[in-house]
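**Q**
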Amino acid sequence: MLDLLQQQLTWTNAAIFLAWGVVLLLVILGFVTYAIYFERKVIGWMQLRIGPNRVGPLGLLQTVADVTKLLIKEDTIPKKADRELFILAPVIAFIPSFVVVAAIPFAPQLMSADLNIGVLYYVALSGISTIGIVLGGWASNNKYALLGGMRSAAQMISYEIPLVISVVGVVMMTGSMNLRVIVEQQAGGFWHWNFLPQIIGFAVFIVAAVSELNRTPFDLPEAESELVAGYHVEYSGFRFAFFMLAEYVYVFAIAGLTASLFLGGWQAPFPFLSFIPGIVWFLLKFSFVVFFLFWLRATMPRIRVDQLMGLGWKVLLPLALANIFVTAIYLGITG
Amino acid sequence: MIRTEELLLNVGPQHPSTHGVFRIVVKLDGEIITEATPVMGYLHRGTEKLAENLTYTQIIPYTDRMDYVSAMTNNYVLVHAVEKLMGIEIPERAEFLRLIVMELQRVASHLVWWGTYLLDIGAMSPFLYAFRDREIIINLFNELCGARLTYNYMRVGGVKWDAPEGWIEKVRQFIPYMRDKLDEYNNLVSGNEIFLARIKGIGKYDAETAIAYGLSGANLRCTGVPWDLRKTQPYSLYDRFEFDVPVTTNGDCYDRYLIRIAEIRESLRILEQAVEQFPAEGEIMGKVPRVIRPPEGEVYAAIESPRGEIGCYIVSKGKDKPYRLKFRRPSFVNLQILPKLLVGETMTNLITILGGVDIVVGEVDC
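If you read the protein sequences in the order shown, they are chains A and B.
The opening residue of the first sequence carries number 5 in my numbering; numbering runs sequentially from there.
The opening residue of the second sequence carries number 56 in my numbering; numbering runs sequentially from there.
(1) Report the option in B/Gly213, B/Pro289, B/Thr92 and B/Pro385 whose CA atom is closest to the CA atom of B/Ala265.
(2) From what residue to what residue does the alpha helix (DSSP H) around B/Ile91 run?
(3) Would you call the region 236-251 of chain B in contact with the region 344-355 of chain B, where contact means no fewer than 3 C-beta pairs closer than 8 Å?
(4) B/His70 CB to nearest chain A CB: under 9 Å?
(5) Consult DSSP for B/Lys342 and reduce its assignment to one of helix, strand or coil.
(6) Determine the chain B residues that contact A/Ala302 at a beta-carbon separation under 8 Å, and present them in chain order.
(7) Quick check on A/Gln311 - is its C-beta less than 9 Å from some C-beta in chain B?
(8) Which same chain residues end up closer than 6 Å to A/Leu119 when comparing Cβ atoms and leaving out the 5 residues on each side of it in sequence?
(9) Is any heavy atom of the ligand FMN found at a distance shorter than 8 Å from the C-beta of B/Asn247?
(10) For A/Leu75 and A/Arg58, what's the separation of their Cα atoms in angstroms?
(11) Enumerate in chain order the residues of its own chain whose CB-to-CB distance from A/Leu167 is below 7 Å, with the five nearest sequence positions on each side excluded.
(12) Exposed or buried, which one is B/Glu86 when buried takes at least 16 other CB atoms within 10 Å?
(13) Measuring CA to CA, which of B/Lys139, B/Val81 and B/Val66 is closest to B/Ala356?
(14) Can you tell me where the beta strand (DSSP E) holding B/Lys381 begins and where it ends?
(15) Between which two residues does the alpha helix (DSSP H) holding B/Lys255 run?
(16) With a floor of 4 residues, list each alpha helix (DSSP H) that falls wholly inside the region 109-196 of chain A, ordered by position along the chain.
(17) State the CB to CB distance for the pair A/Ala324 and A/Ile137, rounded to an integer number of angstroms; the pair is presumed to be in contact (CB under 8 Å).
(18) Is it buried or exposed, B/Glu220, if we count other Cβ atoms within 10 angstroms and call 16 or more buried?
(19) Can you tell me which of the three DSSP states B/Cys367 falls into?
(20) So, under 8 Å CB-CB, A/Gly192 and A/Pro112 are touching, yes? Tell me the CB distance rounded to an integer number of Å.
(21) Mind pulling the beta strand (DSSP E) runs of 3 or more residues that sit fully within the region 84-157 of chain B?
(22) Note the first and the last residue of the continuous beta strand (DSSP E) segment covering B/Tyr355.
(23) Give, in chain order, every unbroken run of the beta strand (DSSP E) that is at least 3 residues long and sits entirely within the region 33-63 of chain A.
(24) Determine the DSSP secondary structure at B/Val162, reduced to helix, strand or coil.
(25) Considering only their Cβ atoms, is the gap separating A/Phe222 from A/Ile77 smaller than 9 Å?
(26) For A/Ala233, tell me which candidate among A/Phe329, A/Val105, A/Gly141 and A/Phe199 has the shortest Cα-Cα distance.
(27) Just curious, the beta strand (DSSP E) that B/Leu204 is in, first and last residue?
(28) With 7 Å as the C-beta to C-beta threshold (strictly closer), list the residues of the region 154-166 of chain A near chain B in chain order.
(29) Closer than 8 Å is the cut-off here; do at least three beta carbon pairs connect the region 260-279 of chain A with the region 194-207 of chain A?
(30) Could you list which residues in chain A have their beta carbon closer than 9 Å to that of B/Leu64, in chain order?
(31) Using 9 Å as the limit for Cβ to Cβ distance, is A/Thr80 near chain B?
(32) Suppose contacts are defined by Cβ-Cβ distances below 9 Å. Is A/Glu238 in contact with A/Asn146 by that definition?
(33) Cβ closer than 7 Å: which chain B residues qualify as neighbours of A/Arg306?
(34) Decide if A/Thr72 is buried, meaning its Cβ has at least 16 other Cβ atoms within 10 Å, or exposed.
(35) Closest Cβ-Cβ distance between B/Ala163 and chain A: below 9 Å?
(36) Can you check DSSP and say which residues form a bridge with B/Leu64?
As structure tokens, then:
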């Protein structure tokens, strides 16, 4: 894949890229299908339940059935909604979530785009999704949805910044924004992975990432017990499915990004284990992060809006800045 | 032109966190509430009016449906009032059975509150843990009277069903089990930073306000007033048992939470003693005339339900049906402080405070 990226653009190459895009989309859809299943199972076990076990063997087809149901549902648009924006919002929320996956390196030769600014590309594009959410909340012409959308905007501003700044430490250590280079530099055992020297950055990144994902304990925009369903309260059928899809694709993307930035991507935790293909290691780390996110959901209550802002601005941002400072001093001393 | 506008938001009657068909109309300035008006009556069934055309025994199932989370205490308050008016002697075994089911009910009711409160705050798992343990109590009741929610268990003069063989033993085994689980709950939830930040200092009021609003139950005791009818006006057999009334002084949601958890422990203490002293034999019905005709007069009987003071006021004209019957429902009375507490709070705190009051809409609307 990397070789192809360096070649001239020809029709064959374009076709390969297109095919690759479709394959990636299918992989992600497959992931989302089973991430939802996995989430429901994991949370079910943590909550003394069984989780889905009726549709298909072990309930494996449950999500497929759910998605089918969503797709064949009547497409309702509230009469007083802003029709164009209402239709546009789920699309705007979904597209960036899929596009950012391009920058994630799955294995040494397996990534869609070898960007020199991979990290920047990710954070810049992922910010666009929030516009979709705010639009959805606004266009629905529903008070709950509006509150959810506004919360989302406030939350995004408060957390995008610590998220970006917490990554800067890694970028400084590596000297590159290219995710492939960042992963390659973490070779040689888990003590070379970034999460150890960048432990503060890692902590800030995880908190900010969970918030970016709008997942428990930061699921304020769709806080069920307060705002009923938040920004997507008026959405149903496949438009709602798109919002859900965006959310889970971001889980996929954030897990991939965390694995690449801090957990050594495709690198083996011990050098003698490096005979196992990199993709396996990547998937293991990736799954662990995904599991961690689901685990949080089963454990945590929801934080309040003002506390969320306070945490973002008063705790995470100073911590992330201090992290940059310390990293800079360390790099200055060691040269 | 940019201008700001107040947002009039209808919370309920169909809302996940109003615990039934309860509605509050709030005016929002951003996320801050400037005015809140509870709108009640969506579940009004006219129980008190219906009761005027029912014999006393027929009213009992209606009381089940008021506070459906704590039906046993509701049963008791009615039969207690009638017994008080008629001066009926209750056999000891029957009174013990009543007391045991009432305390089990208190545990079950607080468990429901605990679970749903955390669900309101956004934690999903505790709800299922609470319902796992409540299920044991429900099964005990099921074994006793064949119903899981609306028991219709008590009668004027005693109880309808005797405890089946081994039932008391099961209650005995439940006590240490529940204590264990309470520790687990505390480990899981009580120290959680987010949880504490959400409920500490929220929905605060002082003892004077609480008394002025006629609050009772945990809503009153959280302000430092040690008012528990089981202690202050002992009914049933409560004067025979040793137990404490948990009291805290901060008057916020966190204190109400602590009190309810502590009350589960106290209930278990009472149960432990009651199971020990349970008479091995005896009648379960006192000497009651076939047709219950209380003498002419009025009576007010109040007991401590899990939600506070539940009272039953009966005016009898000497007929087999009450001339007038009135329930003092703690959920309804406790709810009246809500508009005062909500002003200046955020939308999120609305849910926290409403949940902390612990209402059951069936009882609010009656």
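Built from N, CA and C at the ideal position, the CB exists for glycine as well.
Quick caveat, the model's predicted, so the values are computed rather than measured.
**A** According to the structure shown:
(1) B/Pro385
(2) Note on identity: in this sequence residue 91 of chain B is Ala, with Ile being the wrong assignment. It is not in any alpha helix (DSSP H) - B/Ala91 instead sits in the beta strand (DSSP E) that spans Ile87 to Val94.
(3) no
(4) yes
(5) B/Lys342: coil per DSSP, three-state reduction.
(6) Met179 and Ser180
(7) A/Gln311 counts as touching chain B.
(8) Ala107 and Tyr125
(9) The ligand FMN is absent from the structure shown, which contains no ligand whatsoever.
(10) 20 Å
(11) Here the set comprises Val127, Phe209, Ala212, Ala213 and Glu216.
(12) When all chains shown are included, B/Glu86 counts as buried.
(13) B/Lys139
(14) Arg379 to Arg383
(15) No alpha helix (DSSP H) contains B/Lys255, which DSSP labels as neither H nor E.
(16) 122-130, 132-143, 147-178 and 183-188
(17) With 8 Å as the limit, A/Ala324 and A/Ile137 do not qualify as a contact, their Cβ atoms being about 24 Å apart.
(18) exposed
(19) strand
(20) Actually they do not touch by this definition, with Cβ atoms about 15 Å apart.
(21) 87-94
(22) Looking at the DSSP string, the run of the beta strand (DSSP E) that includes B/Tyr355 is Gly352 to Ser360.
(23) none
(24) helix
(25) In the sequence under discussion, the amino acid at residue 77 of chain A is Lys, which differs from the Ile named in the question. Cβ atoms of A/Lys77 and A/Phe222: not closer than 9 Å.
(26) A/Gly141
(27) Where B/Leu204 is concerned, there is no enclosing beta strand (DSSP E), given that its DSSP letter is neither H nor E.
(28) Hits within the stretch: zero.
(29) yes
(30) From the beta-carbon of B/Leu64, the residues of chain A found nearer than 9 Å are Lys147, Tyr148 and Leu151.
(31) no
(32) yes
(33) Ile176 and Gly177, listed in chain order.
(34) exposed
(35) Answer no: the Cβ-Cβ gap between B/Ala163 and chain A never drops below 9 Å.
(36) B/Val81
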